[in-house]
Amino acid sequence: MPAPNERERAYIVDSLRRLREHFKIWPSYDDKELQLIGFAIYEGCYKDAASGRIIAETAPFALGQELVSHYGFEWVIIQKPIEIATYAITHPSIETPIDVLTLEDGSWYEADPRDEEPPVPGERTYYSIDPILKAAKLRRHFNR
């Protein structure tokens, strides 16, 4: 699997920039975009259509960048038959790359069956970090 080319890397950077710009009322989230996603979900920002769309679109890149920057993962591009190539992350401890654009389907984060509310935009992706780290035999750093 190839690493992202320059255009694909620029798309990741641009996605994270759009997230920070949209939520510029909370400054200083450079390199902490996953925390920004979590805070925006906590604050209920997804209820606004534009904010919900930004959260949903950028959560996969915020999660991926968190894992790449702080846990030894790498960005890769998965070439899918018939479909467009997609962004994924990989780690030496995980056999198969993880397509970050599919995390919202809940395949990495299974909600508690007692939860009655459907997930909000970006929520399953945000909460996928712990199962992904567990699969890589890593622990989450909360105070970085």
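As numbered in numbering that gives the first Met the number 0, residues 0 to 143 make up the sequence shown, in order.
We put the beta carbon where it would ideally sit given N, CA and C, even for glycine.
Query                                                                                        : Result
Thr95 (DSSP reduced to helix, strand or coil)                                                : coil
Contact set for Leu132: own chain, Cβ-Cβ below 6 Å, skip 5 residues either direction         : Arg139
DSSP three-state assignment for Ala84, whether helix, strand or coil                         : coil
Ile24 versus Ser50: straight-line alpha-carbon distance, rounded                             : 13 Å
7 Å CB neighbourhood of Ser127 in its chain, flanking five on each side removed              : Leu62, Leu102, Trp107 and Tyr108
Proximity of Ile54 and Ile77 at Cβ, strictly below 8 Å                                       : no
Exposed unless 16 or more other CB atoms sit within 10 angstroms - verdict on Glu122         : buried
Among Gly43, Glu32, Pro26 and Lys79, the one whose alpha carbon lies nearest that of Ala58   : Glu32
Where Thr89 falls, given that 16 or more other Cβ within 10 Å makes a residue buried         : buried
Distance between Phe22 and Leu15 (C-alpha atoms, nearest Å)                                  : 11 Å
Exposed unless 16 or more other CB atoms sit within 10 angstroms - verdict on Val12          : exposed
Local conformation of Glu42 per DSSP, three classes                                          : coil
Buried or exposed (CB count within 10 angstroms, at least 16 for buried), Ile83              : exposed
Residue range of the beta strand (DSSP E) that includes Glu73                                : Glu73 to Ile77
Cβ separation of Tyr70 and Leu137, assumed to be a contact under 8 Å, to the nearest whole Å : 6 Å
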